[in-house]
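*Asks:* Using the working numbering, the first residue of the sequence shown is number -14, and each one after it goes up by one. After the structure tokens below, expect a handful of questions from me.
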Amino acid sequence: MKIILLGAPGAGKGTQAEVICERLSIPAISTGEIIREALKSGTEMGRKAKSYMEAGQLVPDEIVIGIIRERLAKDDCANGFILDGFPRTIVQAEALDKMGFAIDKVIDIEVADEDIVARISGRRVCDSCGAIYHVRYKSSAVDGVCDKCGGTLSQRKDDQPETVKERLIVYHEQTEPLKEYYRRQGRLFIVEGEEHIADTTRKTLAILEEAQL
């Protein structure tokens, strides 16, 4: 089964991808991860991407698309895959269609903006060991102190409310139009994100189980 996961930053796509990967035994492909892999392995597309990243520029669509094409051509994708973070735009979606991969389902995890801001801005990371906490869902025993190593917990710049809101604006402008694109193709399925990730996962798996009947 070939699946695309849509949803704003902080909607929990990564967790859903992990669960689907384990359930269906197909690879979960994150755009960020495969770009880093391409950089590390020194592929042609990886070298091109590196030149833009070293210059502090965004990697152009044609290079991202090329890296995705290389990854989907590998043997472990023969029985399907999960795409998380691609496509991000209509241009990328059209390019994916032209690759000849027939996408079975596009699952959109929908979470209200205010809930996403609360989720991400509540995250705290240990400066020493990298352990992750949350002021609401997974707080440390002592406020601001890591349970594992005693290091200081801090909020990353990317997790600050204003930064999250800016990322959401970009998502609504560039990526949200994909919902209509895939709805017209009859491939879009909406999952209302719940406060507890396990509840969202149950909804996601129910959609996949219906597809396999």
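Quick reminder that beta carbons are idealized off the backbone N, C-alpha and C, glycines included.
Name the two residues that bound the continuous beta strand (DSSP E) containing A40.
*Replies:* Run containing A40: none; DSSP gives neither H nor E here.
*Asks:* Does the Cβ of I19 have 16 or more other Cβ atoms within 10 Å, making it buried, or fewer, making it exposed?
*Replies:* So I19 counts as buried.
*Asks:* Out of L9, V127, Q77, R32, which one is the CA nearest neighbour of A63?
*Replies:* Among L9, V127, Q77, R32, the Cα nearest to that of A63 belongs to L9.
*Asks:* I117 and V110 look like a contact to me (Cβ under 8 angstroms); what is the Cβ gap, rounded to whole Å?
*Replies:* Yes, they are in contact, since the Cβ atoms of I117 and V110 sit about 6 angstroms apart, within 8 angstroms.
*Asks:* Between which residues of its own chain and S124 is the CB-CB distance below 7 angstroms, once the five residues before and five after are set aside?
*Replies:* So the list reads Y118, once near-sequence residues are dropped.
*Asks:* Y118 lies in the alpha helix (DSSP H); which residues open and close that run?
*Replies:* That residue, Y118, is in no alpha helix (DSSP H); its beta strand (DSSP E) goes 117 to 119.
*Asks:* Alpha carbon to alpha carbon, how far is K(-13) from R152? Give it in angstroms, no decimals.
*Replies:* If I take the Cα positions, the gap works out to 27 angstroms.
*Asks:* Within the continuous beta strand (DSSP E) that includes K90, where are the two ends?
*Replies:* Per DSSP, K90 belongs to the beta strand (DSSP E) from 90 to 95.
*Asks:* Tell me which residue opens and which closes the beta strand (DSSP E) that V176 is part of.
*Replies:* Per DSSP, V176 belongs to the beta strand (DSSP E) from 173 to 177.
*Asks:* Measure the Cβ-Cβ separation of E55 and T28 and say whether it is below 8 angstroms.
*Replies:* Yes, they are a contact pair.
*Asks:* In angstroms with no decimal places, state the Cα-to-Cα distance between L163 and A78.
*Replies:* Rounded to whole angstroms, L163 to A78 spans 8 angstroms at the Cα level.
*Asks:* Does the region -6 to 8 come within contact of the region 37 to 46, defined as at least 3 CB pairs closer than 8 angstroms?
*Replies:* Touching, no, given that fewer than three Cβ pairs across the two stretches are closer than 8 angstroms.
*Asks:* Report all residues from its chain with a CB closer than 7 angstroms to the CB of Y167; omit the five preceding and five following residues, and keep chain order.
*Replies:* Correct list, in chain order: V91, L173.
*Asks:* Using 10 angstroms around the beta-carbon of K(-2), count the other beta-carbons present and answer buried if the total reaches 16, otherwise exposed.
*Replies:* With 16 or more other Cβ atoms within 10 Å, it is buried.
*Asks:* Is I(-11) helix, strand or coil by DSSP?
*Replies:* Looking at I(-11) - three-state DSSP - the assignment turns out to be strand.
*Asks:* Measuring CA to CA, which of G171, L190, V44, E194 is closest to V177?
*Replies:* According to the sequence displayed, residue 177 carries Glu and not Val. Taking only the C-alpha atoms, the option nearest E177 is L190.
*Asks:* If you drop the 5 nearest sequence neighbours on each side, which residues of the same chain put their C-beta closer than 6 angstroms to that of V120?
*Replies:* Answer for V120: G107, listed in chain order.
*Asks:* Going straight from the alpha carbon of E22 to that of A(-7), what length do you get?
*Replies:* The alpha-carbon atoms of E22 and A(-7) are separated by roughly 24 angstroms.
*Asks:* Assign I201 to one of three DSSP states: helix, strand, or coil.
*Replies:* What the structure shows of the chain is the stretch from -14 to 198, and residue 201 is not part of that stretch, so it cannot be assessed.
*Asks:* Classify V96: buried if its beta carbon has 16 or more other beta carbons within 10 angstroms, exposed otherwise.
*Replies:* Per the 10 Å Cβ criterion, buried.
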